[in-house]
Amino acid sequence: MFKKLLIANRGEIARRIQTVAKGMGLATVAVYSDADAGLPFVREADEAVRLGPAPPRDSYLNIPALLEAARATGADAVHPGYGFVSESAGFARACQDAGLVFVGPPAEAMLRMKDKSQARQLVAAAGVPVVPGSEDVLPDVDAARVAAERIGYPVLCKAAGGGGGIGMGVAHTPAELEKVFRQCADRAKAAFGREGIYLERYFPAPRHIEVQVLGDHHGHLIHGLERECSIQRRHQKVVEEAPSPLFAEGRDEELAGKLFSAALTAARAFGYANAGTVEFLCAEGGFYFIEMNARLQVEHPVTELTTGLDLIAWQLRIAAGERLTVRQEDVRRRGAALEFRIYAEDPVRFLPSPGPLRVFQPPSGEGVRLDSGYAEGDLVTPHYDPMIAKLIVSGATRAEAIERSIHALEGFRIEGIKTNIPLHLRILRDPVFRAGELNTRFLEHHAKP
């Protein structure tokens, strides 16, 4: 095992990784921007290194600065968390070249996953169902029209090098396709430096279900069951849960088994090791591969609470070359859990709400866990994602977890900024949500103010 871990991230995930690493006897190094200098993840690390000004390109995306911080502190491993450089094959290789252990998958596997169009082709060749779509990146609108006629409208335009819902748009007619295709290409170029767009069939109201996978460098690969992430706004996840109501209490075990098998097949096709997530759309009685994320997911705690797996601890052990000792038959469901992303935003207009946390008093109680990037008195700046904390609540059943969640959210006191806690409470009280009848367009029709 390595001795000192540099955490190339910020906020709640940096604190969570620190906690796990320290519990394993590792020294920790935080890196920070000027905007984050006073936050808990900086204060709580064994060492902290300033990267630069607030903009991510000058701080958390600054690979030379990250490598220099590791060199200066004598760190021998780097955990990238999620976001920023977590899915950068270039950063993974730069760490390897610098003699650092990268806590994540091999760079080669990341490269296979980076282009979503090519990733689709790779897993399809391995026998994994994929959403019907174009065979490759489309060179222009004319090619997109031909592909759309074959696929059938409506179609979803997607950036091949994208993520987080950026560079995506739906076209219902050929006239719409021209506009949407160009918009997606422009957004993809601005966000990812390339215009490549491909098409997929658009399912109006699918479920979004993902499968956790975990594998070592000795050929042992398991799945950690599924999570449901259907409650979304603008392709961004808002509430996640495990298990999915679609498979809870032993429902549709045949479909679940096929889903888990497909996830493992996809991971093997990429040559995957460490923790990762295979994402699927479930619609029309089947499921279809969307993408594989080569990192820890924001929603990983619901898997931890319902399987007993400590995913970050296993990430560190696997990166150090240890064998994964968990067998597939050891992974069993244990109750239910829901995760709520607590955003600094107006809960009605969905606009960012930066400012000082004059009051920050999280709830406590049976089954309540909080992963937070801030403490009372801290300043929430507009420079990064507005998520300030994750509230994760578990129970013996989904119904119990929901009731505990309502109690916890009602008792969560935050003053000085607006948050989306009222939205979470509306979701939990909605009878359709409580019945588990979820899809990715849920918020368009339910939980209105």
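Per my numbering, the sequence shown starts with residue 466, numbered consecutively. For every residue, glycine included, the Cβ atom is placed at its ideal position computed from N, Cα and C. It should be emphasised that the depicted structure is a prediction, and the values quoted were computed from it without experimental measurement.
Item: In whole angstroms, what separates the C-alpha of I540 from that of E477?; Value: Looking at the sequence shown, residue 540 is not Ile but Ala. Cα-Cα distance, rounded: 21 Å.
Item: Can you check which of these residues, K723, L816, L664, D836, is closest to V676 by C-alpha distance?; Value: K723
Item: Just reading off the beta strand (DSSP E) that M633 is part of, what are its end residues?; Value: 633-636
Item: Sorted by chain position, which residues of the same chain lie with C-beta nearer than 8 Å to I871's C-beta, five sequence neighbours on each side aside?; Value: L890, L893, R894
Item: Please identify the residue among L776, F805, A809 whose C-alpha is closest to the C-alpha of V796.; Value: L776
Item: Can you give the Cα-Cα distance for A656 and L761, rounded to whole angstroms?; Value: 21 Å
Item: Between the C-alpha atoms of V813 and P571, what's the straight-line distance to the nearest angstrom?; Value: 42 Å
Item: Assuming V767 and L720 make a contact with CB atoms under 8 Å, what is their CB distance in whole Å?; Value: V767 to L720, Cβ: 20 Å. No contact.
Item: Which of helix, strand or coil does DSSP assign to M852?; Value: strand
Item: Assign T905 to one of two classes, buried (16 or more other C-beta atoms within 10 Å of its C-beta) or exposed (fewer than that).; Value: buried
Item: Leaving out the 5 sequence neighbours to the left and right, which residues in its chain are closer than 6 Å to P821 when beta-carbon positions are compared?; Value: L844, G881
Item: Starting from the C-beta of G876, find all residues in its chain whose C-beta is less than 6 Å away, skip the five residues before and the five after it, and write them out in chain order.; Value: P828
Item: Going by Cα to Cα distance, which pick from Q561, R475, A519 is closest to A513?; Value: R475
Item: Closer than 9 Å, CB to CB, is F745 near chain D or not?; Value: The displayed structure is made up of one protein chain only, and chain D is not part of it.
Item: Taking Cβ to Cβ, would you say G838 is nearer than 9 Å to R823?; Value: no
Item: Let me know the secondary structure DSSP gives Q762 once reduced to three states.; Value: coil
Item: Go through the region 821-888 residue by residue and report every complete run of the beta strand (DSSP E) that reaches 3 residues or more, in order.; Value: 824-826, 833-837, 852-860, 878-880
Item: Apply the 10 Å Cβ neighbour rule to V645 and answer buried if 16 or more other Cβ atoms are within range, or exposed otherwise.; Value: buried
Item: Could you pull out every unbroken alpha helix (DSSP H) segment of at least 4 residues lying fully inside the region 558-643, listed in chain order?; Value: 572-579, 581-590, 606-616
Item: Excluding the 5 residues preceding and the 5 following R652 in the sequence, name in chain order all residues of the same chain whose CB lies nearer than 8 Å to its CB.; Value: A624, I631, G632
Item: What are the boundary residues of the beta strand (DSSP E) that includes E675?; Value: 672-680
Item: To the nearest angstrom, how far is the alpha carbon of P847 from that of A557?; Value: 28 Å
Item: Taking C-alpha atoms, which residue in G800, A912, A854, P817 lies nearest to A864?; Value: G800
Item: Going by other Cβ atoms of all chains shown within 10 Å of its Cβ, with 16 needed for buried, is Q561 buried or exposed?; Value: exposed
Item: Locate the beta strand (DSSP E) running through F745, then write down its first and last residues.; Value: 739-748
Item: Are the region 680-690 and the region 774-792 touching, with three or more C-beta to C-beta distances below 8 Å?; Value: yes
Item: Is DSSP giving P817 helix, strand or coil here?; Value: strand
Item: For A613, which residues from the same chain have a beta carbon less than 8 Å from its beta carbon, with the 5 sequence-adjacent residues on both sides left out?; Value: V620, A636, P639, L642, L664
Item: Near P817, which residues of its chain fall below 7 Å by C-beta distance, leaving aside the five closest residues on each side in sequence?; Value: A809, E810, P847, P851
Item: Where in the region 480-504 do unbroken runs of the beta strand (DSSP E), each at least 3 residues long, occur, reported from the N-terminal end onward?; Value: 492-498
Item: Is L686 near the ligand GDP, going by C-beta to nearest heavy atom under 8 Å?; Value: No copy of the ligand GDP occurs in the structure displayed, which carries no ligand at all.
Item: Is the number of C-beta pairs between the region 491-498 and the region 524-543 that are closer than 8 Å three or more?; Value: yes
Item: Of all the options Q583, T742, L908, which has the alpha carbon lying nearest to the alpha carbon of G947?; Value: The chain is shown from 466 up to 914; residue 947 falls before or after that span and cannot be answered.
Item: Check each candidate in F745, A861, I687 and name the one with the smallest Cα separation from E794.; Value: I687
Item: May I ask you to report which of helix, strand or coil DSSP gives L890?; Value: helix
Item: Just to check my reading of the structure: R692 and E764 have Cβ atoms closer than 8 Å, yes? What is that Cβ distance to the nearest angstrom?; Value: 6 Å
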